[in-house]
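Student: Here it is, the structure, as structure tokens.
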Amino acid sequence: MTAVHRAQHVVSDNPGSIEGTNGILTGSGGNTFDLGSLRSQISRQACDKILSQGTLLWAAAQASAHYTAISIDRSPAPSSLPRNLMLETAALAAGLSWTSGFRLYLAVFAAGVLGRTGWLHLPPGLQMLESWWVIGLAGVLAVAEFLADKIPGFDSVWDGIQTFIRVPAGAILAAAAFGQLDPQWMVAAGLIGGTLAGTAHATKAGTRALINTSPEPFSNWVASFSEDVAASGGLLMAFFLPIAFLVVLALLLLVSAWLLPKLWRGVRQLRDALRGRSPGPQSPGTTRLPH
């Protein structure tokens, strides 16, 4: 029984005959209760009650903070980035996707190493490239691609196989660069990245197919080393000089748009020659019949 309950019991047993002397509560039945002790016990009980209520308030505050954190975590992705960060992200996505069209594994290896060592800040969607497993695998494949690309004839076989890898990989890398934004940004980046990778791959594969018609290997080696330099320089510009890279990329796309139809006609003529047909409108030695 608490102190308050005991005091109430004294009063209820002795209605109308309560006297108080020197802090002593006395009933007619002789029941007494020390008011000083009552005050101290009531104060102690009040403190306990305040503490218990404070505990409840603290728990409520913690629950509210936890719920707020969950609400923040579930908030929608931002629709845009600051202008400078958006420019850097666009250059990074374009650089990785364009280089993927002819040096995919070099692009992944370079981004992973620079991100791992702190020279390059990768967006959250691309930070998996910093894994040592990804870096190691990309490094091995980059060496294999470097060697395969120096063998005339086999380089075209390699390009044919990589057609099904380079273009999707370029789209995935570009989309992942915008992974922290709304999904529509990822979709748009993926489409543009796949187009850049496909354009670079088609230009590279068509050029090398025509170069391989030459019996000497030097032109093939020159073209291959030129592509290595272009890939390395393009990646460095995309990482550290985003505006300059975007300007250079726009010029390269114009060149590719002019060159691709000519490469396509050359490849068709080469295919016809391999099939034993003359690419011209009239075969040599044939006689046109008079009308």
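Residue numbers (UniProt numbering): 1 to 291.
Built from N, CA and C at the ideal position, the CB exists for glycine as well.
Since this is a predicted model, take the numbers as computed values, not measurements.
Residue range of the alpha helix (DSSP H) that aspartate 228 falls in?
Tutor: As a working mapping, residue 228 is identified with position 228 in the sequence shown. Looking at the DSSP string, the run of the alpha helix (DSSP H) that includes aspartate 228 is 218-240.
Student: Identify whether tryptophan 133 lies in helix, strand or coil by the three-state DSSP scheme.
Tutor: Residue numbering aside, residue 133 sits at position 133 when the sequence shown is read from its first letter. Tryptophan 133: helix per DSSP, three-state reduction.
Student: What do you get for glutamine 184, buried or exposed, if any count of 16 or more other CB atoms within 10 angstroms of its CB means buried?
Tutor: Here residue 184 is taken as the residue at index 184 of the sequence shown, counted from 1. With fewer than 16 Cβ atoms within 10 Å of its Cβ, glutamine 184 is classed as exposed.
Student: May I have the straight-line CA-CA distance separating aspartate 272 from leucine 87, to the nearest angstrom?
Tutor: One-based indexing of the sequence shown puts residue 272 at position 272. One-based indexing of the sequence shown puts residue 87 at position 87. Aspartate 272 and leucine 87: Cα-Cα distance of roughly 46 Å.
Student: Looking only at its own chain, which residues have a Cβ that is under 8 Å from the Cβ of arginine 275, when we skip the five neighbours before and after it?
Tutor: As a position in the sequence shown, residue 275 is number 275, starting the count at 1. Counting only Cβ-Cβ distances below 8 Å, and skipping sequence neighbours, we find nothing.
Student: Taking all protein chains shown into account, do 16 or more other C-beta atoms lie within 10 angstroms of the C-beta of valine 222, making it buried, or fewer, making it exposed?
Tutor: Against the sequence shown, residue 222 aligns to sequence position 222. By the neighbour-count rule (16 or more Cβ atoms within 10 Å), valine 222 is not buried but exposed.
Student: Within the same chain, show all residues whose beta-carbon is closer than 8 Å to that of isoleucine 165, passing over the 5 residues directly before and after it, in chain order.
Tutor: Taking the first residue of the sequence shown as 1, we reach residue 165 at position 165. Around isoleucine 165: Leu104.
Student: Suppose you measure from the CA of proline 82 to the CA of alanine 110; what does that come to, to the nearest Å?
Tutor: One-based indexing of the sequence shown puts residue 82 at position 82. One-based indexing of the sequence shown puts residue 110 at position 110. Taking the straight line from one Cα to the other gives about 26 Å.
Student: Report the option in Leu120, Met128 and Phe146 whose CA atom is closest to the CA atom of valine 229.
Tutor: As a first step, residue 229 must be located in the sequence shown, where it is residue number 229. For the residues Leu120, Met128 and Phe146, the minimum Cα distance to valine 229 belongs to Phe146.
Student: Does the separation of the CB atoms of alanine 148 and tryptophan 158 fall below 8 Å?
Tutor: Counted from its first residue, the sequence shown places residue 148 at position 148. Counted from its first residue, the sequence shown places residue 158 at position 158. Yes, the Cβ-Cβ distance between alanine 148 and tryptophan 158 is below 8 Å.
Student: Taking DSSP as the reference, what is the three-state secondary structure of aspartate 155?
Tutor: Start at 1 with the first residue of the sequence shown, and residue 155 comes out as number 155. Helix at aspartate 155.
Student: Specify the secondary structure class of asparagine 84 as computed by DSSP and reduced to three states.
Tutor: Taking the first residue of the sequence shown as position 1, residue 84 is located at position 84. Three-state result, asparagine 84: helix.
Student: Can you tell which of Leu106, Trp258 and Trp98 has its C-alpha closest to the C-alpha of glycine 139?
Tutor: In the sequence shown, the residue the question calls residue 139 occupies position 139. Looking at the Cα atoms, Leu106 is the closest of the given residues.
Student: Skipping 5 residues on each side, what residues in its chain have a beta carbon closer than 6 Å to that of leucine 141?
Tutor: Taking the first residue of the sequence shown as 1, we reach residue 141 at position 141. If we look at leucine 141 and ignore the five residues flanking it on each side, its Cβ neighbours are Tyr105.
Student: Among Leu92, Gly101 and Leu181, which has the Cα closest to the Cα of glycine 112?
Tutor: On the sequence shown, residue 112 is found 112 positions in, with the first residue counted as 1. Between glycine 112 and the set Leu92, Gly101 and Leu181, the nearest pair of CA atoms involves Leu92.
Student: Does arginine 208 pass the burial test, meaning 16 or more other C-beta atoms within 10 Å, or should it be called exposed?
Tutor: Against the sequence shown, residue 208 aligns to sequence position 208. Arginine 208 should be labelled buried.
Student: Look at the alpha carbon of alanine 189 and the alpha carbon of serine 214, and state the distance between them as a whole number of angstroms.
Tutor: One-based indexing of the sequence shown puts residue 189 at position 189. One-based indexing of the sequence shown puts residue 214 at position 214. Rounded to whole angstroms, the separation of the alpha carbons of serine 214 and alanine 189 is 39 Å.
Student: The alpha helix (DSSP H) that contains leucine 120, what's its start and end?
Tutor: Here the question's residue 120 lines up with position 120 in the sequence shown. Taken as a continuous stretch (DSSP letters only), leucine 120 belongs to no alpha helix (DSSP H), as it is neither H nor E.
Student: For leucine 96 and glutamate 216, I'd like the C-alpha separation in whole angstroms.
Tutor: The residue you call residue 96 lines up with position 96 of the sequence shown. The residue you call residue 216 lines up with position 216 of the sequence shown. If I take the Cα positions, the gap works out to 32 Å.
Student: Would you call phenylalanine 154 buried or exposed, if buried means 16 or more other Cβ atoms sit within 10 Å of its Cβ?
Tutor: In the sequence shown, counting from the first residue as 1, residue 154 sits at position 154. Label assigned to phenylalanine 154: exposed.
Student: Round the Cβ separation of glycine 101 and threonine 199 to the nearest angstrom and send it over; I've been treating them as touching at under 8 Å.
Tutor: Here residue 101 refers to the residue found at position 101 when the sequence shown is read from its first residue. Here residue 199 refers to the residue found at position 199 when the sequence shown is read from its first residue. Right, the Cβ-Cβ distance comes to about 7 Å (below 8 Å), so this counts as a contact.
Student: Once DSSP output is grouped into helix, strand and coil, what is the label at residue 293?
Tutor: Absent from the structure is residue 293, since the part of the chain shown begins at 1 and ends at 291.
Student: Using a Cβ-Cβ cut-off of 7 Å (strictly less than) and excluding sequence neighbours within five positions of histidine 201, which residues of its own chain qualify?
Tutor: Looking up residue 201 in the sequence shown gives position 201. Excluding sequence neighbours, histidine 201 sits near Gly101, Phe102, Thr163, Arg166 and Val167.
Student: Would you mind giving the Cβ-Cβ distance between alanine 174 and glycine 193, rounded to the nearest angstrom? I have them listed as a contact below 8 Å.
Tutor: The residue given as residue 174 occupies position 174 in the sequence shown. The residue given as residue 193 occupies position 193 in the sequence shown. Yes, alanine 174 and glycine 193 are in contact; Cβ-Cβ is about 2 Å, under 8 Å.
Student: Within the same chain, show all residues whose beta-carbon is closer than 6 Å to that of phenylalanine 239, passing over the 5 residues directly before and after it, in chain order.
Tutor: Indexing the sequence shown from 1 puts residue 239 at position 239. If we look at phenylalanine 239 and ignore the five residues flanking it on each side, its Cβ neighbours are Leu120.
Student: Suppose the cutoff is 6 Å on Cβ atoms and the five residues either side in sequence are ignored; what does the same chain contact list for leucine 131 look like?
Tutor: The residue given as residue 131 occupies position 131 in the sequence shown. Note that residue 131 corresponds to serine in the displayed sequence, not to leucine. Nothing meets the Cβ criterion.
Student: Near alanine 244, which residues of its chain fall below 6 Å by C-beta distance, leaving aside the five closest residues on each side in sequence?
Tutor: Counted from its first residue, the sequence shown places residue 244 at position 244. These residues qualify, in order along the chain: Met237.
Student: Let me make sure I understand the geometry here. Which of Thr89, Gln269, Leu251 and Ala250 has the alpha-carbon closest to that of phenylalanine 178?
Tutor: For the purposes of this step, residue 178 is identified with residue 178 of the sequence shown, where counting begins at 1. Phenylalanine 178 has its Cα closest to that of Thr89, out of Thr89, Gln269, Leu251 and Ala250.
Student: So what does DSSP say about threonine 163, is it helix, strand or coil?
Tutor: The sequence position of residue 163 within the sequence shown is 163, counting from 1. Of the three classes helix, strand and coil, the one that applies to threonine 163 here is helix, per DSSP.
Student: Which same chain residues end up closer than 6 Å to leucine 114 when comparing Cβ atoms and leaving out the 5 residues on each side of it in sequence?
Tutor: Taking the sequence shown and counting its residues from 1, the one referred to as residue 114 is at position 114. Excluding positions up to five away in sequence, the list reads Leu120.
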